[in-house]
Structure formats: C-alpha cells, structure tokens
Amino acid sequence: MEKKMEFIRQHRLFTFYTVLVLLIVLVALFAPYLTPQDPMEGNMKNVLQTPSSEHLLGTDKLGRDTLSRIIAGTQVSLFMTICLVVLLAVVGLLVGIASGYFGGKVEMVLMRFADMMLAFPGVVLAIAIAGILGGSVVNTILALLVVGWAKYARLVRSLVIKLRHNDFILAAQVNGTRTRDILWRHVLPNILPMVVITGAMDIGTMMMEIAGLSFLGFGAQPPTPEWGLMLNEGRQYIQTAPWLMIYPGLAIFIVVAIFNLWGDSLRDVLDPRQE
Amino acid sequence: MKRFGNRLLQMLVTLIGVSFLTFCLTYIAPGDPAMMVLEAGDTIVSEEMIEKTRHEMGLDKPFLVQYVNWVGGAIHGDMGISYSAKKPVTEKLAEGFAGTLLLAGVTIAFVLLISLPLGIWSAVRQNEWPDYLVRFCSFIGVSMPNFWLGLILLYVFGLKLGLFPIASSTVTAKGVVLPALTLAIYQSTKYVRQVRTVVLDELHQDYVVGARARGLSEQAILWKHVLPNAVLPLITLLGMSIGWLLGGVAVIEIVFSWPGIGNTAVRAIMMRDYPLIEGFVLWIAIVYMFINFLVDLSYAYLDPKLRKGEAG
Numbered sequence: 029m030e031k032k033m034e035f036i037r038q039h040r041l042f043t044f045y046t047v048l049v050l051l052i053v054l055v056a057l058f059a060p061y062l063t064p065q066d067p068m069e070g071n072m073k074n075v076l077q078t079p080s081s082e083h084l085l086g087t088d089k090l091g092r093d094t095l096s097r098i099i100a101g102t103q104v105s106l107f108m109t110i111c112l113v114v115l116l117a118v119v120g121l122l123v124g125i126a127s128g129y130f131g132g133k134v135e136m137v138l139m140r141f142a143d144m145m146l147a148f149p150g151v152v153l154a155i156a157i158a159g160i161l162g163g164s165v166v167n168t169i170l171a172l173l174v175v176g177w178a179k180y181a182r183l184v185r186s187l188v189i190k191l192r193h194n195d196f197i198l199a200a201q202v203n204g205t206r207t208r209d210i211l212w213r214h215v216l217p218n219i220l221p222m223v224v225i226t227g228a229m230d231i232g233t234m235m236m237e238i239a240g241l242s243f244l245g246f247g248a249q250p251p252t253p254e255w256g257l258m259l260n261e262g263r264q265y266i267q268t269a270p271w272l273m274i275y276p277g278l279a280i281f282i283v284v285a286i287f288n289l290w291g292d293s294l295r296d297v298l299d300p301r302q303e
Numbered sequence: 038m039k040r041f042g043n044r045l046l047q048m049l050v051t052l053i054g055v056s057f058l059t060f061c062l063t064y065i066a067p068g069d070p071a072m073m074v075l076e077a078g079d080t081i082v083s084e085e086m087i088e089k090t091r092h093e094m095g096l097d098k099p100f101l102v103q104y105v106n107w108v109g110g111a112i113h114g115d116m117g118i119s120y121s122a123k124k125p126v127t128e129k130l131a132e133g134f135a136g137t138l139l140l141a142g143v144t145i146a147f148v149l150l151i152s153l154p155l156g157i158w159s160a161v162r163q164n165e166w167p168d169y170l171v172r173f174c175s176f177i178g179v180s181m182p183n184f185w186l187g188l189i190l191l192y193v194f195g196l197k198l199g200l201f202p203i204a205s206s207t208v209t210a211k212g213v214v215l216p217a218l219t220l221a222i223y224q225s226t227k228y229v230r231q232v233r234t235v236v237l238d239e240l241h242q243d244y245v246v247g248a249r250a251r252g253l254s255e256q257a258i259l260w261k262h263v264l265p266n267a268v269l270p271l272i273t274l275l276g277m278s279i280g281w282l283l284g285g286v287a288v289i290e291i292v293f294s295w296p297g298i299g300n301t302a303v304r305a306i307m308m309r310d311y312p313l314i315e316g317f318v319l320w321i322a323i324v325y326m327f328i329n330f331l332v333d334l335s336y337a338y339l340d341p342k343l344r345k346g347e348a349g
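Those protein sequence lines, which keep their order, are chains A and B. Plus 28 on top of the position in the first sequence (first one is 1) and you've got this note's numbering. Plus 37 on top of the position in the second sequence (first one is 1) and you've got this note's numbering.
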C-alpha cells in the first residue's frame, strides 16, 4: 500500500490518465446498462429529433437515441481497437523474434516482406483489403493488421538483435538452456516493455483508422453502433441534423485524446531514459 | 551509386509484391467479374454469355497466367478496362490524378504557411505562453479524426457561412480550399513539432552562441543561420507527406466530394471494379516510391556531408 501511494505521488499525471482510461473501459464494459434508451431500437415517431431533455443528443434517421448509440459505440470501438493492437503486438513479436533471434533465410524473407509493407502507404492498402473482402468488423481488423504488423516486427527484431549478444543470453545458451526457455524467460521479458509502450501509443491512431474505414463504409456495417459508421450516416443529414455528425466525432476525439495522453505518460513511466 | 541501385531493386520487389497481393485479393474476393461486366452492360445474363465473357476477359486461364498477362500489360501502360466506366483504367486514373495533384499542392502550401511560423515562434519562445499554446493546439490536432474536422469545416464555412461550396464535383479553385485546409491542419500538427524540435536543436548549437557573442541580432541569427540549417530535416517529412497526399486522402476527398484519385478508388472498391482497384494500387505504389526516391536524392544533394562523400 505504502509503495502504491509512493508510485501515485511520483506519477500523478500517469495516475490521472489511467483513471480516465479505466473510466472509458468501464463505460465500454457496462455499456448495455448505461444507455438511457435501447441503441438499436428505432421509433419512427422520433425521427431526427433535435437534442432535448428526453434525447440529450438528439435522434437519428431511424429515431434511435444518439447518446445511447455513442455509449454502445464505446464498446464496439474499444473492442476493435484493443483486438487490433494486441494482434499487431503478437504478430510483431512472433515475426520479430523469429527473424531477430534465429536470423538466416527466415530473417531475410520476413524482413523483405516487412520492408515491402513499410514502403507503401498503408491506408491505401487497408482500404483496398477491407473493401474487397467486404466491410465487417473482422475484415477491418484484418486489413489494418496486414498493413500494420511490419512496424512492430522491425521494432522487435532490432530489440532482439541488441539483446542476443548480451552475456546473460550467451550464458544461458552455454548452459544448455532450451531455446524455448531462453526466449520465454530472458528475451520476452526484456522486449515486452517497449512493445507495450508502442502499442499503448498506437491505440489512438488505430482507433481513428478503424473509424475512418467505417466512415468510408468498409468497416462495421449498419446497424452496429460504431462511431465512424455513425459519422457516415450523419453526414447525409449535415444540414438538417448536425448533431448526428458532431457528437460521434466528439466521442472519437475525446477517447483518442485520452489514450494519446495515457500512452505518452506510460512511456515516461516505463522508459525514463527518454527526455 | 550502389546504394541507389539497391534502392531501385527494392522498389521493384515492392511493386511486384504489392501488385501481386492486390491481384490475389481480387481473385479470392466474392463475386464473378464476368457477371459484373454483363450486369453493368444491361444485357440478359445467360450461362453461355458468362462463359463467353469469361473467355474474352481471360478469366478462364490459371491464376498465375492472368497475373503475368496483367503485369505485361501494365508495363506497356495498359491496365485493362474499368468495369464500371467502360473506359481504360489509365484514363480513369489520369482524370482523378489531376484533382489529387491540385489538392496535394495547395495542402503543402497551407502546411508550410501554418507550421513554419508557428513552429519557429514556439521554439524561439520556448516554455513561454506561445510555446504552450502551439503545443496544446498541436495535441488537439493530433487527436482529432481528420474526416470529422472536415465535416465541421464543411458545416461552418460551407453551410452556415456559405463561403465555400459544400461539394465540388469538378475541380475548382474555391472547392479546393476546405479539403486542403482540413488536410493541412492535420499534417501541420506533426510539422509544427518537427519545426520546433529542429529549430531548438539549432538554437543550442555553438555557432549560435558564437554569433550572439559577436553581437549579431537575434533576427539575423534566426534568418541567416538557424533557418537554412533547419530546412534539411523537413525535406524528408515533406516527401512522406506528398506520398501520403497523393495516395491516402480518400476519406477527405469523399467528405468534400472532391474528384480525386482517392474518390475514384473508393467508388471502384464499392462497385468491385477490380481492374481499376489493381491499377490504383499499382499507380500509388509507383508514385509513392518515386517521391521517396526523389527525397533521397535531394537529401544527398542538399547535405554537404553526403555530397562531399560522393565526390571524394
């Protein structure tokens, strides 16, 4: 307890942002209990209502409550983003460790692939992949995974190469420790913090890219309450019902901003060498 | 020279890889292209007609043969016929590219106009209110989805104030302002930080201390010594932006209905116009890598250290 208080005192900002992040996570987890109305249930009598005490952020073209859809959207957006970032990190770790630790032909082939992905504007390919495969939650994540893994693989590989020549790894090898144990007990724990930092700092960006794909119609499909999709639907009513495009965007902005701040402060805590 | 030879080889590998990946995708994607061509042509679709069209389009050949044929055509500037527009893909791409080029040019101009003064101001008044203000705005910009920013600008300046058209289906001088501004604000958030860092780095160099000691005015130091040195690191960033602008701004082009290549691509994807999608991806890959290559060359030329290295 004493130690925890000390940590909080030393990292006030990080603690504050972590609380905010936890609040978002709680909203996402308990979204079904927090929505004032059913986010999926339309009411043709209440189509395109201006914000009022009954519908704080107005209603959409099917008479669904915007606030409820934004709250429900937290779950969708956060779930997609977390899945994507975790998958990016896992693929990056697998590819990066395979090429960095074992080297040789495996490394050459994998890194050529990575360079190929890095030498090309990812967004274009992501749009093409998600569009051709057909818009859905899974395909969106897949598309962004295909274009995003290379950055993580490169990072992990460079960390592993630096680590590989350390004495404690050599000692473990000489001892006859199984490769699996070396990777699991010595390599992974040492590179994990950097990967976590990179992942945490990417959450905001990835959330925006997911929303962007949905906005184009290549992501989540109606009637899913996803923020990018809501902006896409709201765009058609920009003249008559501007709240439909203002509030979902505001939700993305606030959540992305909080995750960006949190990612930056996490880096400062885990990696004090910077700055 | 060897370095550039390697670069060219790497570029070639990337082109083949990316085009192959796109080709694979369109091959495994649901839907039969022959069917789509026939449906677009308003003909009565019979089994026989589909077989015939498949044969005409070369769809009955094995996958690899199809790919090699396509690459062979692309080398000669023939990327096939767009299903939806019934026009050569190259023609469709060229149409869209004109709009994208104008948009990219105006955006870069805006980016420089916004980020250079703000970045320099922020660096010169480090840790004073201008610095905090600029950094705060830059943070806001980074976290704001650019298509949302676009919608808001559209709402305020297009609908409420009526200063700009809300949709421009043709390329117009007035229509380019809002999409370019949206993209520029988004890009500037990165540039402002970069300009600030670079200028700060330079301001802490010994030669600046020397110049101050010799009694040069702060203005003269900034304009004659610091800024020329700060240009170099910005060129890489600019090159990346140009590549990004020429390829990845589909979202903004859609928001403003701007007739650019991103808009063409999104419509092509929605209509499953595979030749157009393949052509688009290949074209963007070529442009992107060509610009990166130019950036490398200009870097080598502008950096005296590298230039001397090559001469000696």
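Glycine included, every Cβ here is placed at the ideal spot set by N, Cα and C.
1. Give, in chain order, every residue of the stretch 191 to 217 of chain A whose Cβ lies closer than 8 Å to some Cβ of chain B.
2. Whole alpha helix (DSSP H) runs in the stretch 257 to 298 of chain A with 4 or more residues, listed along the chain?
3. Along the stretch 273 to 298 of chain B, what residues have a CB closer than 8 Å to any CB found in chain A?
4. Starting from the C-beta of A/Ser293, find all residues in its chain whose C-beta is less than 6 Å away, skip the five residues before and the five after it, and write them out in chain order.
5. Would you mind reading off the limits of the alpha helix (DSSP H) that contains B/Trp166?
6. Which residues of chain A have a Cβ atom closer than 7 Å to the Cβ of B/Ser180, listed in chain order?
7. Using a Cβ cut-off of 8 Å (strictly closer), state whether B/Ala66 contacts chain A.
8. Could you say which of B/Gly316, B/Leu271, B/Lys123 lies nearest to B/Arg230 if we only look at CA atoms?
9. Excluding five sequence neighbours on each side, which residues of the same chain lie with their C-beta closer than 7 Å to the C-beta of A/Leu84?
10. Going by the DSSP bridge assignment, what does B/Ile118 pair with across the sheet?
11. Take A/Asp296 as the anchor and find which of A/Ile266, A/Gly70, A/Gln103, A/Ile225 has the nearest alpha-carbon.
12. Can the beta-carbon of A/Leu115 be found closer than 8 Å to that of A/Leu183?
13. Starting from the C-beta of B/Pro70, find all residues in its chain whose C-beta is less than 7 Å away, skip the five residues before and the five after it, and write them out in chain order.
14. Is it true that the stretch 104 to 113 of chain A meets the stretch 72 to 89 of chain A, where meeting means three or more beta-carbon pairs spaced less than 8 Å apart?
15. Count Cβ pairs between the stretch 250 to 267 of chain A and the stretch 84 to 93 of chain A that sit closer than 8 Å; are there 3 or more?
16. Can you check DSSP and say which residues form a bridge with A/Asp143?
17. For the stretch 43 to 69 of chain B, list every residue whose C-beta sits within 8 Å of some C-beta in chain A, in sequence order.
18. Whose C-beta lies closer than 6 Å to the C-beta of A/Phe243 among residues of the same chain, with five residues either side of it excluded?
19. Output, in sequence order along the chain, the residues in the stretch 44 to 68 of chain A whose CB is closer than 7 Å to any CB in chain B.
20. Can you find a C-beta in chain B that's less than 8 Å from the C-beta of A/Ile160?
21. Within 10 Å of its beta-carbon, does B/Trp107 have 16 or more other beta-carbons around it, so buried, or fewer, so exposed?
22. Whose CA, out of A/Arg140, A/Thr205, A/Thr168, lies closest to the CA of A/Leu153?
23. Counting only C-beta atoms, is B/Tyr104 closer than 8 Å to chain A at any point?
24. Name, please, each residue of chain A whose Cβ falls closer than 9 Å to the Cβ of B/Tyr169.
25. At a CB-CB cut-off below 9 Å, which residues of chain E make contact with A/Gly277?
26. Could you tell me which residues DSSP pairs with A/Leu93 in its beta bridges?
27. For the candidate residues B/Gly247, B/Trp281, B/Leu274, B/Phe147, whose alpha-carbon lies nearest to that of B/Ser335?
28. Any beta carbon of chain B sitting closer than 8 Å to that of A/Ala117?
29. At least one CB of chain B closer than 8 Å to the CB of A/Phe42: is that the case?
30. Along the stretch 325 to 336 of chain B, where does the CB come closer than 8 Å to a CB of chain A? Name the residues.
31. So that I know if they touch, is there some Cβ in chain A lying closer than 8 Å to that of B/Leu240?
32. Might you give, ordered along the chain, the residues of its own chain that have their beta carbon closer than 8 Å to the beta carbon of B/Thr209, omitting 5 neighbours on each side?
In brief:
1. Correct list: empty, as no residue qualifies.
2. Secondary structure in the stretch 257 to 298 of chain A: the alpha helix (DSSP H) runs of 4 residues or longer, each lying completely within the stretch, are 271 to 298 in chain order.
3. Flagged, chain order: Gly280, Trp281, Gly284, Gly285, Ala287, Val288, Ile291, Val292.
4. So the qualifying residues of the chain are Leu41, Phe42, Tyr45.
5. B/Trp166 -> alpha helix (DSSP H) spans 166 to 180.
6. In chain order: Gly232, Phe281, Val284, Ala285, Asn288.
7. Taking Cβ atoms only, chain A reaches closer than 8 Å to B/Ala66, which makes this a yes.
8. Nearest Cα to B/Arg230 within the set B/Gly316, B/Leu271, B/Lys123: B/Leu271.
9. Here the set comprises Leu95.
10. DSSP lists B/Pro125 as the bridge partner or partners of B/Ile118.
11. Cα-wise, what sits closest to A/Asp296 is A/Ile225.
12. Contact check for A/Leu115 against A/Leu183 fails: the beta carbons are separated by 8 Å or more.
13. Cβ-Cβ distances below 7 Å link B/Pro70 to Met94, Leu96, Tyr120, Tyr311 in the same chain, with the five nearest sequence neighbours on each side left out; the list follows chain order.
14. Contact fails: fewer than three Cβ-Cβ distances are below 8 Å.
15. As far as the Cβ criterion goes, the stretch 250 to 267 of chain A touches the stretch 84 to 93 of chain A, which means the pair count is three or higher.
16. For A/Asp143, which the question treats as bridged, DSSP gives no partner whatsoever.
17. Answer in chain order: Gln47, Met48, Val50, Thr51, Gly54, Val55, Leu58, Thr59, Leu62, Thr63, Ala66, Pro67.
18. Gly256, Leu259, Asn260, listed in sequence order.
19. Within the stretch 44 to 68 of chain A, no residue places its CB atom closer than 7 Å to a CB of chain B.
20. Yes, A/Ile160 lies at the interface with chain B (some Cβ there is under 8 Å from its Cβ).
21. Label assigned to B/Trp107: buried.
22. Of all alpha-carbon atoms in A/Arg140, A/Thr205, A/Thr168, the one lying nearest the alpha-carbon of A/Leu153 is that of A/Thr168.
23. So, not an interface residue.
24. Below the 9 Å Cβ cutoff, chain A contributes no neighbours of B/Tyr169, its closest Cβ being approximately 15 Å away.
25. Among the protein chains of the structure shown, namely A and B, there is no chain E.
26. The question names Leu, yet the displayed sequence has Asp at residue 93 of chain A. DSSP, once it has assigned bridges, lists A/Thr87 as partnering A/Asp93.
27. Of the candidates B/Gly247, B/Trp281, B/Leu274, B/Phe147, B/Leu274 places its Cα closest to the Cα of B/Ser335.
28. Among the residues facing chain B, A/Ala117 is not included, as its CB has no counterpart in that chain under 8 Å away.
29. Not an interface residue.
30. Against chain A - using a Cβ distance shorter than 8 Å - the residues of the stretch 325 to 336 of chain B are Tyr325, Met326, Asn329.
31. It does not: the Cβ of B/Leu240 has no partner Cβ on chain A nearer than 8 Å.
32. Once the five neighbours on either side are set aside, the close Cβ partners of B/Thr209 are Pro202.
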